[in-house]
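Count the first sequence with this note's numbering and you get residues 147 to 684, in order. By construction, the Cβ of each residue, glycine as well, lies at the ideal position given by its N, Cα and C atoms. First comes the structure, then the notes that go with it.
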Amino acid sequence: MEIKESIKVNIQSALKKLGVCLNVDDITIDQSKDPTHGDYASNIALRFAREFKKAPAEVAKLIIENLDMNQFDKVEVAGPGFINFFVKKSSITNIIETIIDQGKDFGRGETKNKKVNIEFVSANPTGDLHVGHARGAAIGDSIARIMEFNGYTVIREYYINDAGNQINHLGESIEARYKEALGLPFSLPDDGYHGEDIKDIAKIIVNEKGDSLVNTNSLDFFMTRGMELELDKIRKDLKTYGVVFDVFSSEKAIRADNAIDKELKFLSNHTYVDGGATVLKTTDFLDDKDRVIVKSNGEYTYFLPDICYHVNKLERKFDLLIDVLGADHHGYINRMKSALMMHGYDKDILEIELIQMVRMMKDGEEFKLSKRTGNGYTLRELCEDVGVDAARYFFVMRNANSHLDFDLDLAVKQSSDNPVYYAQYAHARLCSILDSGKEFNLNKKADLLKENSELALIKMLSSFPDVVKLASDERAPYKITNYIHDVAEKVHQFYTNCRVIDKDNIDVTSSRLALCLASKIVLENALHLVGVSAPTHM
RNA sequence: GCGCUUGUAGCUCAGUUGGAUAGAGCACUUCCCUCCUAAGGAAGGGGUCGGACGUUCGAAUCGUCUCAAGCGCGCCA
147 MEIKESIKVN
157 IQSALKKLGV
167 CLNVDDITID
177 QSKDPTHGDY
187 ASNIALRFAR
197 EFKKAPAEVA
207 KLIIENLDMN
217 QFDKVEVAGP
227 GFINFFVKKS
237 SITNIIETII
247 DQGKDFGRGE
257 TKNKKVNIEF
267 VSANPTGDLH
277 VGHARGAAIG
287 DSIARIMEFN
297 GYTVIREYYI
307 NDAGNQINHL
317 GESIEARYKE
327 ALGLPFSLPD
337 DGYHGEDIKD
347 IAKIIVNEKG
357 DSLVNTNSLD
367 FFMTRGMELE
377 LDKIRKDLKT
387 YGVVFDVFSS
397 EKAIRADNAI
407 DKELKFLSNH
417 TYVDGGATVL
427 KTTDFLDDKD
437 RVIVKSNGEY
447 TYFLPDICYH
457 VNKLERKFDL
467 LIDVLGADHH
477 GYINRMKSAL
487 MMHGYDKDIL
497 EIELIQMVRM
507 MKDGEEFKLS
517 KRTGNGYTLR
527 ELCEDVGVDA
537 ARYFFVMRNA
547 NSHLDFDLDL
557 AVKQSSDNPV
567 YYAQYAHARL
577 CSILDSGKEF
587 NLNKKADLLK
597 ENSELALIKM
607 LSSFPDVVKL
617 ASDERAPYKI
627 TNYIHDVAEK
637 VHQFYTNCRV
647 IDKDNIDVTS
657 SRLALCLASK
667 IVLENALHLV
677 GVSAPTHM
């Protein structure tokens, strides 16, 4: 069992002897920052002093008297009533064997029997993905990986708005470029897409169809074929980026079979007509304003098919829907939740993760990111310039709801300034040591480890399952990159302070090699959760 | 005007859900390779945690007010 967990259980049974029953989760244990405070500390006595009607320090003393002392060298009361645990070395080093035995599964959470649908990117297939999508993709996919690892069944879904005007504009733009490619007169639509990529698509269609589409009414073909080709590019770029979707949902398909009219009928208890428009009374639930779903000219607003889509997802029996959206969509949250509540769902069945804007910085200035003008910096260019690992690490490194300044100069530099290399280098170093020491036996008991830098590293490794759970519960991949940094730091300190391979001291060598292997496993598992590779040499 | 998000070191950001002396990276000043990768390690300077009041043993963290920034408040998507 993990150290913290076993201390919690220990405290729990001590409290039970005192007549207090608590859940293990209600007991908090922190790793001590100051070594004079022991290895771990708990504030449990401070928090529950009131219920005992005694001074915190006295409560702490009572708890200590009822602890099973087998795993500790010493336990003491400190300050206003903290309990400081000095853990036996053997109790700390135990985890190494667990890590090595579990390997890729170390840190994995118990199966939750819950299906989660995570929808992200969902960019219209009218051009290349830009860096805003890239952040959403990195965060969405990392949340998926983390929740999967923590025991959820996860489906990654991409929603294609293929029923709207954008696709018309795409078709018209491709048609114009098609004529251009054939040397015919053409005019680009004002609302069209003017990027170079549209010319490439037109050329592909020329290759496929020659000039057979010139005088025919082929807009539908340009639309559907164009969309397919755009989607192929997006899929390919995402795959390079390490993101693979399980499901692509199409708005057109959702709309088929009169789904929208059926939905409208279903919602009719919650609608009223105002000025010829049909308005949904979302204010009956969470919204601060009612929302039009059918315009007075009879057209639907985007909101109605979106409701259909979410209902469609829920009909596929998910326990939780997560939408990863740009922060400018925050007004949308209560609106959609209200609509789902009209269907009898709990408001928490839908979670929206908002992603703040990315500013790409180069030479101290911001890039503008307009897809429309064709000047946007794309995911593909980003991967070519800084590599997938750096891109994903940078995007995930910060809390999603804070703005991100992506320093392109720094990321391109591929030097030690770049935080992703710090972590990867630690992994590569470990691999290098393991390779040099492959003729020695590994001692999974690792019972000779006693240096501070060894024990600090082991404690850090030991907390990985906790970090996974926290990152999963909070949908916070940046907790993983923070953790990766901390482990890498401890690895580098260990490397500097402790010579691993020593032919004159084979016992210590075997123990340290085991620690190297355990560290390598944890780093690899953690890097995998954010889609960053763990290179064996650099 | 209303709502959401954010204010922590020169810059970019953490802060284990209310705990002990507020941390990391970058930048700056030093020091450390005869030895498993120096893409590393060690030390140092740098802070009114936007501000005020409150809650309690204890607040960067919770509450109220306030200031500032970004975004949202369409019969646009």
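(request) Measuring alpha carbon to alpha carbon, tell me which of THR655, ALA203, ALA572 ends up nearest HIS683. (result) As a first step, residue 683 is located in the first sequence; it is residue number 537 there, counting from the start. Of the listed residues, the one whose Cα sits closest to HIS683 is ALA572.
(message) Quick check on the DSSP output: the beta strand (DSSP E) that includes THR655 runs from which residue to which?
(response) Here residue 655 refers to the residue found at position 509 of the first sequence. Element bounds for THR655: not the beta strand (DSSP E) but the alpha helix (DSSP H), 652–675.
(request) Indicate the three-state DSSP secondary structure (helix, strand or coil) for GLU497 in the structure shown. (result) What you label residue 497 is simply residue 351 of the first sequence in a count that begins at 1. If DSSP states are grouped into helix, strand and coil, GLU497 belongs with the strands.
(request) Measure from the alpha carbon of GLU374 to the alpha carbon of each residue in ASP176, LEU359, TYR491, PHE394, then state which is nearest. (result) Position 228 of the first sequence, counted from the first residue, corresponds to residue 374. Checking every option, the nearest Cα to that of GLU374 belongs to PHE394.
(request) Determine the burial state of ASN547: buried for a count of at least 16 other Cβ atoms within 10 Å of its Cβ, exposed for fewer. (result) Taking the first residue of the first sequence as position 1, residue 547 is located at position 401. Exposed is the call here.
(message) Please classify VAL390 as buried or exposed, where buried requires at least 16 neighbouring CB atoms within 10 angstroms.
(response) Counting from one through the first sequence, the residue named residue 390 turns up at place 244. Counting Cβ neighbours within 10 Å, VAL390 comes out exposed, since fewer than 16 surround it.
(request) Name the two residues that bound the continuous beta strand (DSSP E) containing ARG437. (result) Translated into positions along the first sequence, residue 437 becomes position 291. Residues 437–440.
(request) Would you decide whether LEU675 is buried or exposed? Buried here means 16 or more other CB atoms lie within 10 Å of its CB. (result) Counting from one through the first sequence, the residue named residue 675 turns up at place 529. With 16 or more other Cβ atoms from the protein chains shown falling within 10 Å of its own Cβ, LEU675 counts as buried.
(message) Using the three-state DSSP reduction, which class does VAL360 fall into: helix, strand or coil?
(response) For this step, residue 360 is matched to residue 214 along the first sequence. Note: VAL360 maps to coil in three-state DSSP.
(request) Could you have a look at GLY278 and say whether DSSP puts it in helix, strand or coil? (result) Counted from its first residue, the first sequence places residue 278 at position 132. If DSSP states are grouped into helix, strand and coil, GLY278 belongs with the helices.
(request) Determine the DSSP secondary structure at ARG518, reduced to helix, strand or coil. (result) If you number the first sequence from 1, residue 518 lands on position 372. Note on ARG518: pLDDT 41, under 50, position unreliable in the model; the coordinate value appears next. DSSP, read as helix, strand or coil, puts ARG518 in coil.
(request) Return the bridge partner residues of THR299 from the DSSP annotation. (result) Here residue 299 refers to the residue found at position 153 of the first sequence. LYS261.
(request) Within the same chain, show all residues whose beta-carbon is closer than 8 Å to that of ALA405, passing over the 5 residues directly before and after it, in chain order. (result) Taking the first residue of the first sequence as position 1, residue 405 is located at position 259. If we look at ALA405 and ignore the five residues flanking it on each side, its Cβ neighbours are CYS454, ASN458.
(message) Measuring alpha carbon to alpha carbon, tell me which residue in HIS183, GLU148, LYS150, ALA191 is nearest LEU161.
(response) For the purposes of this step, residue 161 is identified with residue 15 of the first sequence, where counting begins at 1. Minimum Cα distance to LEU161 is reached at ALA191.
(request) For the beta strand (DSSP E) containing ASP593, list its first residue and its last residue. (result) Numbered from 1 along the first sequence, position 447 holds the residue referred to as residue 593. Careful: ASP593 lies outside any beta strand (DSSP E) and carries neither H nor E.
(request) Could you give the DSSP three-state label for ALA187: helix, strand or coil? (result) Position 41 of the first sequence holds residue 187. Correct three-state label for ALA187: strand.
(message) Here's a check: name, in chain order, each residue in its chain whose Cβ is nearer than 8 Å to the Cβ of GLY388, leaving out the five neighbours to either side.
(response) Translated into the one-based positions of the first sequence, residue 388 becomes position 242. Closer than 8 Å at the Cβ level, and outside the excluded window around GLY388, lie ASP287, VAL534, ARG538, GLY677.
(message) I'd like to confirm the pairing. Which residues does DSSP put opposite LYS220 in its beta bridges?
(response) Your numbering for residue 220 matches position 74 in the first sequence. Answer by DSSP bridge pairing, in chain order: PHE232.
(message) Give me, in chain order, the residues of the same chain whose beta-carbon lies closer than 7 Å to that of ASP436; leave out the 5 immediate sequence neighbours on both sides.
(response) For this step, residue 436 is matched to residue 290 along the first sequence. Cβ within range, chain order: VAL425, LEU426, LYS427, THR428, THR429.
(request) With DSSP collapsed to three states, give me the class of VAL646. (result) As a position in the first sequence, residue 646 is number 500, starting the count at 1. In the three-state reduction of the DSSP assignment, VAL646 falls in the coil class.
(message) Judging by CA-CA distance, which residue of TYR305, ASN353, ILE245 is the nearest neighbour of ILE400?
(response) Position 254 of the first sequence, counting from 1, holds the residue named residue 400. Checked all of TYR305, ASN353, ILE245; the closest Cα to ILE400 is TYR305.
(request) Identify every run of the alpha helix (DSSP H) within the segment 598–641, keeping only runs that are complete inside it and at least 4 residues long; order them along the chain. (result) Assignment of alpha helix (DSSP H) within the segment 598–641, counting only whole runs of 4 or more residues, yields 598–608, 610–619 in chain order.
(request) Could you spell out where the alpha helix (DSSP H) holding LYS508 opens and where it closes? (result) Indexing the first sequence from 1 puts residue 508 at position 362. It is not in any alpha helix (DSSP H) - LYS508 instead sits in the beta strand (DSSP E) that spans 504–508.
(message) Check for me: the alpha helix (DSSP H) holding ILE157 runs from which residue to which?
(response) Position 11 of the first sequence, counted from the first residue, corresponds to residue 157. Here the alpha helix (DSSP H) through ILE157 covers 149–163.
(message) Measuring alpha carbon to alpha carbon, tell me which residue in HIS456, TYR624, GLY329 is nearest LEU496.
(response) Against the first sequence, residue 496 aligns to sequence position 350. Cα-wise, what sits closest to LEU496 is HIS456.
(message) I need the boundaries of the beta strand (DSSP E) containing THR174, first residue and last residue.
(response) What you label residue 174 is simply residue 28 of the first sequence in a count that begins at 1. Premise fails: THR174 is in no beta strand (DSSP E) and is neither H nor E.
(message) For a test of the three-state rule: what should DSSP assign to SER319, helix, strand or coil?
(response) As a first step, residue 319 is located in the first sequence; it is residue number 173 there, counting from the start. Residue state, collapsed to three classes: helix.
(request) Between the Cα of LYS584 and those of ASN643, HIS631, ALA660, LEU594, spot the shortest distance and give me the residue it belongs to. (result) The residue given as residue 584 occupies position 438 in the first sequence. The residue with the shortest Cα to Cα distance from LYS584 is ALA660.
(request) Have a look at PRO202, ILE209, ASP251 and flag the residue whose alpha-carbon is nearest the alpha-carbon of ALA664. (result) Translated into positions along the first sequence, residue 664 becomes position 518. Of the listed residues, the one whose Cα sits closest to ALA664 is ASP251.
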